[in-house]
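K.L.:
In this note's numbering, the protein residues as written are 273 to 430. Glycine residues also receive a C-beta, built at the ideal position from the N, C-alpha and C atoms. Fair warning: this is a prediction, and the values are worked out from it, not measured in the lab.
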């Protein structure tokens, strides 16, 4: 006897389940968004996990002009008065010379005025920075060590 299948069984096999949208990744995305929003609100309210400006406000500011080349005496002028603050012979002041070359290179790349002053700033926390008023670049000198920062910091005290 030959085995026969009913028409209803074949029809049931042909019917497939509808494809559903995967809800698990959707729920995971909502959970991630919820965690991010919660962490942001928590950090804003409590201050835990947030980054603050540790420099504070400027305590001393002086605009200076640096002149001289690699093998020449470097002269540092007060931009406001025009007085010479310090003269650094060719054999000394390696960090000041290196900073001068780096800032001059930035000025050449950004094609800005060569005679604009640099701004030397001492912050509330004692840090010292050197900003280029022409290009907007700023170097935090304490990152190069206390002795190198002191080489520029003494210019604020003169």
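Determine the extent of the beta strand (DSSP E) in which residue 335 is found, giving its start and end residues.
P.N.:
Counting from 1 along the chain shown, the entry for residue 335 is found at position 63. From DSSP, the beta strand (DSSP E) with residue 335 extends over 330-339.
K.L.:
Along the beta strand (DSSP E) that carries residue 350, what are the first and last residues, could you check?
P.N.:
Indexing the chain shown from 1 puts residue 350 at position 78. Its beta strand (DSSP E) spans residues 346-350.
K.L.:
Helix, strand or coil, according to DSSP, for residue 403 in the structure here?
P.N.:
As a working note, residue 403 is residue 131 in the chain shown. Strand at residue 403.
K.L.:
Considering just the uninterrupted stretch of the beta strand (DSSP E) at residue 393, what are its terminal residues?
P.N.:
Here the question's residue 393 lines up with position 121 in the chain shown. Note, residue 393: beta strand (DSSP E), 390-395.
K.L.:
Go ahead and pull the three-state DSSP assignment for residue 429.
P.N.:
Within the chain shown, numbered from 1, the residue matching residue 429 stands at position 157. It is helical.
K.L.:
Look at the Cβ atom of residue 388, then the Cβ atom of residue 406, and state whether they are nearer than 8 Å.
P.N.:
Residue mapping note: residue 388 aligns to position 116 of the chain shown, counting from 1. Residue mapping note: residue 406 aligns to position 134 of the chain shown, counting from 1. Yes, Cβ-Cβ distance for residue 388 and residue 406 is below 8 Å.
K.L.:
Using beta-carbon positions only, say whether residue 332 and residue 428 come within less than 8 Å of one another.
P.N.:
Reading the chain shown from its first residue, position 60 is the one you call residue 332. Reading the chain shown from its first residue, position 156 is the one you call residue 428. It is a contact, given that the beta carbons lie within the stated cut-off.
K.L.:
So which of 352, 366 and 345 has the shortest CA-CA distance to residue 358?
P.N.:
Looking up residue 358 in the chain shown gives position 86. Out of 352, 366 and 345, 345 has the C-alpha closest to the C-alpha of residue 358.
K.L.:
Kindly examine the ligand FAD and report whether one of its heavy atoms sits closer than 7 Å to the Cβ of residue 414.
P.N.:
In the structure on display, the ligand FAD does not appear, and there are no ligands present to speak of.
K.L.:
Under DSSP, the beta strand (DSSP E) around residue 358 begins and ends at which residues?
P.N.:
Here residue 358 refers to the residue found at position 86 of the chain shown. From DSSP, the beta strand (DSSP E) with residue 358 extends over 356-360.
K.L.:
So the alpha helix (DSSP H) residue 380 belongs to, where does it begin and stop?
P.N.:
The residue labelled residue 380 in the question sits at position 108 within the chain shown. Segment 366-382, the alpha helix (DSSP H) holding residue 380.
K.L.:
Counting along the chain, where does the alpha helix (DSSP H) carrying residue 307 start and finish?
P.N.:
Looking up residue 307 in the chain shown gives position 35. Here the alpha helix (DSSP H) through residue 307 covers 295-318.
K.L.:
Can you check DSSP and say which residues form a bridge with residue 292?
P.N.:
Here residue 292 corresponds to residue number 20 of the chain shown, with the count starting at 1. Paired residues: none, contrary to the question.
K.L.:
Alpha carbon to alpha carbon, how far is residue 307 from residue 289? Give it in angstroms, no decimals.
P.N.:
Position 17 of the chain shown holds residue 289. Position 35 of the chain shown holds residue 307. Computed Cα separation, rounded: 35 Å.
K.L.:
What's the call for residue 422, buried or exposed, on a 16-neighbour Cβ count within 10 Å?
P.N.:
Sequence index remark: in the chain shown, residue 422 carries index 150 (1-based). It counts as exposed.
K.L.:
Given a threshold of 16 other Cβ atoms within 10 Å of its Cβ, counted over all protein chains shown, does residue 299 qualify as buried or as exposed?
P.N.:
By one-based count along the chain shown, residue 299 stands at place 27. When all chains shown are included, residue 299 counts as exposed.
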